[in-house]
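Contents: one structure, followed by commentary.
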Amino acid sequence: MTIDQVAELAYVSRSVVSRVLNDHPNVSEEARERVMRVIEEHDYRPSSVARSLATDRSFEISVLTPRRGDESLANGYWPLLYSGLFERCLERGYFVSLSMVSDRMEDEIEDRARDSRFDGYVLVTTEVTDLVASTLEADGAPTVLIGQDTSWDAFSSVDIDNEQGGYEAGRHLCDLGYEEIGLILGSRALEESAHRRQGVERALSEAGIAVSDRHVAEGDYSQESGHSIVRAWAEQGRMPRALFCASDTMAMGALLALNEAGYAVPDEVALVGFDDLPAAQYTIPPLTTVRQPVYEKGQAAIDLLIDHIENAEPNPEHTELEPELVVRQSCGARQNP
54 MTIDQVAELA YVSRSVVSRV LNDHPNVSEE ARERVMRVIE EHDYRPSSVA RSLATDRSFE
114 ISVLTPRRGD ESLANGYWPL LYSGLFERCL ERGYFVSLSM VSDRMEDEIE DRARDSRFDG
174 YVLVTTEVTD LVASTLEADG APTVLIGQDT SWDAFSSVDI DNEQGGYEAG RHLCDLGYEE
234 IGLILGSRAL EESAHRRQGV ERALSEAGIA VSDRHVAEGD YSQESGHSIV RAWAEQGRMP
294 RALFCASDTM AMGALLALNE AGYAVPDEVA LVGFDDLPAA QYTIPPLTTV RQPVYEKGQA
354 AIDLLIDHIE NAEPNPEHTE LEPELVVRQS CGARQNP
């Protein structure tokens with residue numbers, strides 16, 4: 054069925070059907086009801102081409118995400134985030150184009166950012182923002198960031214309260230009586246990593262506990278980095294009594310290294326992660342962690358972006374989701390998996 058046939062059956066003009074499909078207010082209730090009745094009875098689906106011509110939009114969103122070796126898809130965080138992005142786009146009638154980018158693709162990235170077929174962009178992490186944000190800002194393209202980046206407050210963003218998440222983890226370890234606590238962090242160039250560290254250190258400071266530099270290391274959110282850091286500490290004989298890892302993937306790598314070095318978790322070394330990935334509840338022992346709503350973060354980013362596209366809302370919005378401590382067995386608390 055075509056839009057002209059819908060108009061004929063509903064006794065209205067083609068333009069009225071178009072306004073109904075695009076939820077335009079300038080339509081009488083009687084005409085709207087007739088059009089909707091025909092659409093429902095005949096299961097009418099407007100073609101994407103026709104819809105684009107009628108609205109001057111492509112209904113396609115570009116998601117630019119970093120290429121990080123084994124983290125591109127193997128890390129459980131990314132499929133959760135992409136699922137939130139893709140499902141919300143589907144619900145709201147938009148297509149998604151996903152591209153992994155790196156600083157080695159500078160020319161291709163700029164072409165991508167200037168591609169006129171996209172209605173808007175989602176930039177995942179500061180690595181991507183640093184590469185394309187200036188181009189998108191100059192072009193006035195609707196853009197939403199996933200992750201904190203105070204350098205680009207002109208863009209809307211979605212993140213979690215990373216400092217509060219770190220604080221909850223640190224306070225929990227202090228409440229359990231641990232005084233020697235090590236920190237395995239993400240890259241210091243990422244604001245989220247710095248904020249998680251600030252939160253942990255605030256909790257430790259309130260408890261009168263100092264963090265030793267010999268028990269602080271920087272990883273890259275991969276299992277390999279958590280494993281190599283803990284293995285080195287074990288070989289050097291400087292293992293702390295408890296560990297905070299700034300991601301579940303690093304915690305899982307740390308857990309393996311502790312097992313290989315003969316440390317019992319949590320009896321000899323307690324462990325807390327960050328993210329609450331699906332695999333966290335199936336480690337041995339099950340991982341205590343800080344849950345961030347990764348799927349919901351993707352959904353919130355799409356909602357912000359599509360609202361900007363459809364409503365031409367010029368003012369940026371910054372959404373901050375709340376983390377939640379999930380207590381399992383790796384921290385030493387008496388808790389069922």
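Quick note: the sequence shown uses the working numbering, first residue 54, plus one each step.
Even for Gly, the Cβ is constructed at its ideal location relative to N, Cα and C.
The structure displayed is predicted, hence computed values, not measured ones.
Residues that DSSP places opposite residue i in a beta bridge
i	result
F171	DSSP output for F171 lists no bridge partner at all.
L330	The partner list for L330 (beta bridge, DSSP) is empty, contrary to what the question assumes.
V197	V175, S209
P49	Residue 49 cannot be examined here, being either before or after the span of the chain that is shown, 54 to 390.
E180	E180 is not bridged to any residue.
I114	V149, G173
L296	G235, L324
T342	G326, V379
C-beta atoms of residue i and residue j nearer than 9 Å
i	j	result
T342	R381	yes
F208	L243	no
I237	M303	yes
P195	G219	no
A310	G279	yes
L296	I234	yes
S383	L340	yes
E170	D356	The sequence shown places Arg at residue 170, not Glu. Cβ distance not < 9 Å, so R170 and D356 don't count as in contact.
L138	V154	no
S246	A314	no
S115	S152	yes
A409	V347	Given that the chain is displayed from residue 54 to residue 390, the structure contains no residue 409 and the question cannot be resolved.
A386	H268	no
V197	H361	yes
T178	P132	no
D206	H371	yes
E216	Q251	yes
C227	A263	no
Collapsed DSSP secondary structure at residue i in the structure displayed
i	result
C384	coil
P132	helix
I337	coil
Y64	coil
L284	Inspection of the sequence shows that residue 284 is occupied by Arg rather than by Leu. Helix, per DSSP.
L106	Confidence is the limiting factor: at L106 the pLDDT is only 47, short of 50, which leaves the residue's position unreliable, though a coordinate-based value still follows. Helix.
N389	Model confidence at N389 stands at a pLDDT of 45, short of 50, so the residue's coordinates are unreliable and nothing is read from them.
T302	helix
E247	Residue 247 is actually Ala in this sequence, not Glu. In this structure, A247 counts as helix in the three-state DSSP scheme.
V253	helix
Q58	helix
A317	coil
N79	coil
R98	coil
R141	helix
D192	helix
C260	For clarity, residue 260 is Ala in the given sequence; the question names Cys instead. If DSSP states are grouped into helix, strand and coil, A260 belongs with coil.
N312	helix
A307	helix
G290	coil
S278	helix
A242	coil
Run of the alpha helix (DSSP H) containing residue i, from where it starts to where it stops
i	result
H268	Counting along the chain, H268 falls outside any alpha helix (DSSP H), and DSSP gives it neither H nor E.
S9	Because the chain here runs from 54 to 390, residue 9 falls outside it and cannot be looked at.
M89	82-95
E377	E377 -> not in any alpha helix (DSSP H); beta strand (DSSP E) instead, spanning 377-379.
G351	347-364
L228	A small fix is needed here, since residue 228 is Asp in this sequence, not Leu. Note, D228: alpha helix (DSSP H), 215-228.
Cβ-Cβ separation, residue j to residue i (assumed contact under 8 Å), whole Å
i	j	result
L117	V59	Contact doesn't hold; Cβ gap of about 37 Å is too wide.
E56	S66	Glu is not the amino acid found at residue 56; the sequence shown has Ile there. So it is not a contact: roughly 10 Å between Cβ atoms.
V211	A354	5 Å
R249	E271	Actually they do not touch by this definition, with Cβ atoms about 12 Å apart.
D328	Y130	6 Å
E375	D214	6 Å
I359	Y135	Not confirmed; about 17 Å, so no contact.
V91	V80	Their Cβ separation, rounded to whole angstroms, is 14 Å, which puts V91 and V80 out of contact at 8 Å.
A323	L229	7 Å
N-terminal and C-terminal residue of the beta strand (DSSP E) that residue i is part of
i	result
T372	371-374
G235	234-238
Any C-beta of chain D under 9 Å from that of residue i
i	result
E232	Absent from the structure is chain D; it holds one protein chain and no more.
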